[in-house]
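Working notes, beginning with the structure itself.
Protein chains: 2
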Amino acid sequence: MKKSILRKYAKLTAKVGANVQKGQDVVIYANVDQELLVSYIVEECYRLGARKVMVEWGSDIVTRLVYKKETIKVLSEVTPWVIEKQKYYCKELPAMIYVDSDDPDGLKGVSQKKLAEVAKNRYPILKPYRDERDNKYQWTIIGAPSKAWAKKVFPELPAGKAMEKLWEAILYTSRVTDDPIKAWDEHNKDLEKRTKFLNSLNLDYLHYQSSNGTDFKVWLSENVLWEAGGEKTLGSNIFFNPNIPTEECFTSPIKGKAEGKVVATKPLSYQGQLIDNFSIVFKDGKAVEVHAEKNEALLKEMIAMDEGAAYLGECALVPYDSPINNLGILFFNTLYDENCCCHLALGMGFTNLVKNYQNYTNEQLHEMGINDSAIHVDFMIGSKDLNITGYTKDGKAVPIFKNGNWAF
Amino acid sequence: MKKSILRKYAKLTAKVGANVQKGQDVVIYANVDQELLVSYIVEECYRLGARKVMVEWGSDIVTRLVYKKETIKVLSEVTPWVIEKQKYYCKELPAMIYVDSDDPDGLKGVSQKKLAEVAKNRYPILKPYRDERDNKYQWTIIGAPSKAWAKKVFPELPAGKAMEKLWEAILYTSRVTDDPIKAWDEHNKDLEKRTKFLNSLNLDYLHYQSSNGTDFKVWLSENVLWEAGGEKTLGSNIFFNPNIPTEECFTSPIKGKAEGKVVATKPLSYQGQLIDNFSIVFKDGKAVEVHAEKNEALLKEMIAMDEGAAYLGECALVPYDSPINNLGILFFNTLYDENCCCHLALGMGFTNLVKNYQNYTNEQLHEMGINDSAIHVDFMIGSKDLNITGYTKDGKAVPIFKNGNWAF
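These protein sequence lines are chains R and P, in that order. Using this note's numbering, the first residue of the first sequence is number 1, and each one after it goes up by one. Using this note's numbering, the first residue of the second sequence is number 409, and each one after it goes up by one.
Here's what the structure looks like:
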């Protein structure tokens, strides 16, 4: 990868993604194979006036060993300094930058039950801190190829060529053009127009229909907004882009109000394994029946993870002709794959989509219909002939999607 | 590097170096370029029964940026979770494994004054924790080539070849033979014999003389032992090897009792810079006059770092015909270079060399003549014709070194 392009990507990350402020602390999470890119991001953060930049490195290989060899009890321990760190984050609100280069098969061979158990044990300990600083700080996720990831996406290519191809795909979908800052400015404006229109409709429910068997209704709350692209921090009002790339307009549906069957149109990569050719039937908002040709048991485990894991947290609209879908690549990574077409997510919803959410407690926001769970897993249901009709509170039908793409 | 040899090196590190115990926690410090070796060490730790293994990754490039861009005030901050971690280490006494692949020029371009200031500010905050767990846990340092380090040692070779040569040198000097465990067992036994003899002499002082101008006397305490190779943890009595490789028999001299001039026989790599062709004159144990053809100012800054930085903390005997010196390589890394020939160290001495040191407070041990400082910097004074004569308390002269090598 050319260093000049990497530098542009780093600048986009720090400026448009995290929008690092003068005097602010920054934490960067990355795997050990991303030293060069991370160093460029660190430089960009200082250029924007960061006070202190901290990098938290990880390693796929070591993480897999740790999960394989340690007991659930040891893995579930939250050491005192991790709590101390969370407290510091709540106090100082550093911007968080996640550079994702994880091997999609990184945790292959680790018992799914063990992973779920550990996540379940750690979640309530860390949740109060996550809740406390929720929406108050800027964060962004970007991707960067690792050899393992590139070989997973392009198994037929030699490692070097696969890395090159994955870099190309990442930079293309992330709009790292000659002037990425300008490209993102325009992109954000376009997304804003669409959400404005969706919010103006005051929709009661959406009806999804496709020839693949999808026939599904999901109810929306008038108190919950559609959002896309960037968002603003609570209090300090700093605009940032949590995901690079992003193509979706999304909202959180009402927990407990969804009916019918959805048929997945892409495989789902979950905890290092692929769940494929699956469908889910919802009744009273809950996933009550799942079928999968591949890894059905894993899918069942997933939705049994906790009470909220069988309910929907997100409902997102992405045209079938999105840049990512046009590439025709399965990235085995949600950041990209979720932006390829329409999707739903099981698990945690977005409390910050509730109008004036800052005036409510988290408990109140959940009572208002925003789902809560330790998981948030997107799965794709966009298809070439997907039609979505919105029904407004006053009974009007509005075409939202026609043949897979925006109807407006 | 062949994976099978790397695995032997990893086993030597975990078993002979840190001697990881069943049920023990382990912390591994390494740079991001050492993922494979680190993963092998992690595996070996689990094989030995480690309860939990944590890896703390670093990056030369990021560290340099951080030191360049952040203020002394910010760099001097010890965040609350670092203190929390220290407390945990004091309580749990994890074994510590340091994999050193640092670029010897890693901090080039960073103000030396800034580095010294930051170290001085952080030291008193962290010292109580270091003191509390001192001697109670196993630790070991090993080396592993990075590209930058290899190119520094072999500037004339292309990067790949330089890496290969540095691996060879490291594995040779670390005795990574067909059976490294056995080789280290024999080596430790040999070193033990020599220290037993030195301790039996009850030496009053050593007199160093060489044709290069060295003429120097240093006084020893009857309460302070000579040590070499491995040592045992306090309380749990676990034998471990802090350094891989190690060739030296060393002791801590009495603070305030050294006279004469020593001429360095190798350049000293300090904070990314090379101090070369230097000599130091001691009076009442203190470095009162220093000369250096290269970086004299840096040397002066070093000994002015704190009160103890101008006094000696170590006096070590290594034959001129050591494996490391025979290789004829300057490693630009103390772990290797200090094992090439006789040396002294400015700064912190070893309180654990005092007989029954566990019965004294740190303050008492320092009052007994063990120097204290934030630094501990070795510099080489071994030469081809170095003679060292020991004078016993009862006035007998005993030849210790003759023409650069052991006289006994």
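Just so you know, even glycine gets a beta-carbon here, dropped at the ideal spot from N, CA and C.
Give me the Cβ distance between R:Thr94 and R:Val153, rounded to the nearest whole Å; I'm assuming they're in contact under 8 Å. The count along the first sequence starts at 1 and reaches residue 94 of chain R at position 94. The count along the first sequence starts at 1 and reaches residue 153 of chain R at position 153. According to the sequence as given, residue 94 of chain R is Pro; it is not Thr. Not really, about 32 Å apart at Cβ, beyond 8 Å.
With the cut-off set at 7 Å, would you say P:Leu414 and P:Leu456 are in Cβ contact? On the second sequence, residue 414 of chain P is found 6 positions in, with the first residue counted as 1. On the second sequence, residue 456 of chain P is found 48 positions in, with the first residue counted as 1. Their beta carbons are not under 7 Å apart, which means P:Leu414 does not touch P:Leu456 by this criterion.
P:Arg459 at chain R interface by Cβ criterion, 7 Å: For this step, residue 459 of chain P is matched to residue 51 along the second sequence. At least one chain R Cβ lies under 7 Å of P:Arg459.
For P:Trp465, which beta-bridge partners are listed by DSSP? As a working mapping, residue 465 of chain P is identified with position 57 in the second sequence. Paired residues: P:Ala438.
Give me whichever residues DSSP pairs with P:Tyr545 in a beta bridge. In the second sequence, counting from the first residue as 1, residue 545 of chain P sits at position 137. DSSP lists no partner for P:Tyr545.
Pick from P:Asn747, P:Glu540, P:Arg459, P:Ala724: whose alpha carbon is nearest that of P:Leu633? Taking the first residue of the second sequence as position 1, residue 633 of chain P is located at position 225. With distances taken between Cα atoms, P:Leu633 lies closest to P:Ala724.
Run through chain P and tell me which residues come within less than 8 Å of R:Ser210, C-beta to C-beta. Sequence index remark: in the first sequence, residue 210 of chain R carries index 210 (1-based). The contacting residues do not exist; R:Ser210 stays about 44 Å from chain P at best.
With a cut-off of 7 Å, does the C-beta of P:Pro512 fall near any C-beta of chain R? Within the second sequence, numbered from 1, the residue matching residue 512 of chain P stands at position 104. No, P:Pro512 does not count as interfacial toward chain R.
6 Å CB neighbourhood of P:Tyr417 in its chain, flanking five on each side removed: Start at 1 with the first residue of the second sequence, and residue 417 of chain P comes out as number 9. Excluding positions up to five away in sequence, the list reads Val584.
Length of the line joining the Cα atoms of P:Val463 and R:Ala310: In the second sequence, the residue the question calls residue 463 of chain P occupies position 55. In the first sequence, the residue the question calls residue 310 of chain R occupies position 310. Roughly 35 Å between the two C-alpha positions.
Candidates R:Pro253, R:Val262, R:Lys196: closest to R:Tyr208 by CA position: The residue you call residue 208 of chain R lines up with position 208 of the first sequence. Residue R:Val262 is the option with its Cα nearest to R:Tyr208.
For R:Ile125, would you say it is in contact with chain P, using Cβ-to-Cβ distances shorter than 7 Å as the test? Within the first sequence, residue 125 of chain R is the residue found at index 125, counting from 1. Closer than 7 Å: no.
Rounded to the nearest angstrom, what separates R:Ile41 and R:Ala14 at their Cα positions? Sequence index remark: in the first sequence, residue 41 of chain R carries index 41 (1-based). Sequence index remark: in the first sequence, residue 14 of chain R carries index 14 (1-based). Approximately 6 Å between the Cα atoms of the pair.
I'd like the span of the alpha helix (DSSP H) that includes P:Phe605, first residue to last. On the second sequence, residue 605 of chain P is found 197 positions in, with the first residue counted as 1. Where P:Phe605 is concerned, the enclosing alpha helix (DSSP H) stretches over 588 to 609.
Within 7 Å (strictly less), CB to CB, does R:Pro80 reach chain P? In the first sequence, counting from the first residue as 1, residue 80 of chain R sits at position 80. Answer yes: the Cβ-Cβ gap between R:Pro80 and chain P drops below 7 Å somewhere.
Cβ separation of R:Leu346 and R:Ala287, assumed to be a contact under 8 Å, to the nearest whole Å: Your numbering for residue 346 of chain R matches position 346 in the first sequence. Your numbering for residue 287 of chain R matches position 287 in the first sequence. Their Cβ separation, rounded to whole angstroms, is 7 Å, which keeps R:Leu346 and R:Ala287 in contact under 8 Å.
Leaving out five residues on either side along the sequence, give the residues of the same chain with a beta carbon under 7 Å from the beta carbon of R:Phe331. Translated into positions along the first sequence, residue 331 of chain R becomes position 331. Around R:Phe331: Val153, Asp337.
Residue-chain proximity (P:Lys493, chain R), Cβ-Cβ < 7 Å: In the second sequence, the residue the question calls residue 493 of chain P occupies position 85. So yes, P:Lys493 belongs to the interface.
Counting only beta-carbon atoms, is P:Lys477 nearer than 7 Å to chain R? As a position in the second sequence, residue 477 of chain P is number 69, starting the count at 1. Yes, P:Lys477 lies at the interface with chain R (some Cβ there is under 7 Å from its Cβ).
Tell me the DSSP secondary structure of P:Val482 in three-state form. In the second sequence, counting from the first residue as 1, residue 482 of chain P sits at position 74. If DSSP states are grouped into helix, strand and coil, P:Val482 belongs with the helices.
Compute the Euclidean distance between the alpha carbons of R:Glu35 and R:Tyr357, then round it to the nearest angstrom. As a working note, residue 35 of chain R is residue 35 in the first sequence. As a working note, residue 357 of chain R is residue 357 in the first sequence. Going from the Cα of R:Glu35 to the Cα of R:Tyr357 covers about 38 Å.
Thinking R:Asp378 and R:Glu289 are a contact (beta carbons under 8 Å), I'd like their distance in whole angstroms, please. Residue numbering aside, residue 378 of chain R sits at position 378 when the first sequence is read from its first letter. Residue numbering aside, residue 289 of chain R sits at position 289 when the first sequence is read from its first letter. No, R:Asp378 and R:Glu289 are not in contact; Cβ-Cβ is about 20 Å, not under 8 Å.
So which residues of chain P does R:Val32 contact, with C-beta pairs closer than 7 Å? One-based indexing of the first sequence puts residue 32 of chain R at position 32. By Cβ distance, chain P contributes Val440, Glu443, Trp465.
Could you check where the beta strand (DSSP E) with R:Lys286 kicks off and where it finishes? The residue you call residue 286 of chain R lines up with position 286 of the first sequence. Counting along the chain, R:Lys286 sits inside the beta strand (DSSP E) bounded by residues 286 to 294.
Per the DSSP calculation, R:Ser252 is bridged to which residue(s)? Locating residue 252 of chain R in the first sequence gives position 252, counting from the first residue. Paired residues: none, contrary to the question.
Touching or not, the region 769 to 781 of chain P and the region 580 to 595 of chain P, by the rule of three or more beta carbon pairs under 8 Å? no
Per-residue contacts from R:Leu65 into chain P (C-beta, under 9 Å): If you number the first sequence from 1, residue 65 of chain R lands on position 65. Those within 9 Å of R:Leu65 in chain P are Ser447, Val450, Glu451, Tyr454, Val461.
Closest Cβ-Cβ distance between R:Val409 and chain P: below 7 Å? Residue 409 of chain R lies beyond the stretch modelled for chain R, which goes from 1 to 408, so this question has no answer here.
Any beta-carbon of chain P closer than 7 Å to the one on R:Val118? As a first step, residue 118 of chain R is located in the first sequence; it is residue number 118 there, counting from the start. No, its Cβ sits nowhere closer than 7 Å to a Cβ of chain P.
Chain-ordered chain P contacts of R:Val99 [CB-CB under 8 Å]: Along the first sequence, one-based indexing puts residue 99 of chain R at 99. In chain order: nothing, as chain P lies at least about 12 Å away.
In terms of residues, what are the limits of the beta strand (DSSP E) holding P:Leu676? Numbered from 1 along the second sequence, position 268 holds the residue referred to as residue 676 of chain P. Its beta strand (DSSP E) spans residues 676 to 678.
Would you kindly check if the distance between the Cβ of R:Asp276 and the Cβ of R:Glu293 is under 7 Å? The residue labelled residue 293 of chain R in the question sits at position 293 within the first sequence. The residue labelled residue 276 of chain R in the question sits at position 276 within the first sequence. Yes; because the gap between Cβ atoms is below 7 Å, this pair is in contact.
Quick one: is P:Ile469 near chain R, going by C-beta distance under 7 Å? Sequence index remark: in the second sequence, residue 469 of chain P carries index 61 (1-based). Chain R contact via Cβ: present.
Return helix, strand or coil for P:Ala718, following the three-state DSSP convention. Position 310 of the second sequence holds residue 718 of chain P. In the three-state reduction of the DSSP assignment, P:Ala718 falls in the helix class.
Report the residue ranges of all alpha helix (DSSP H) runs contained in full by the region 720 to 769 of chain P; include only those spanning at least 4 residues, in chain order. The alpha helix (DSSP H) runs of length 4 or more contained entirely in the region 720 to 769 of chain P are, from start to end of the chain, 731 to 735, 742 to 745.
Classify R:Asp131 as helix, strand or coil using the three-state DSSP reduction. Residue 131 of chain R sits at position 131 when you count from the first residue of the first sequence. Three-state result, R:Asp131: helix.
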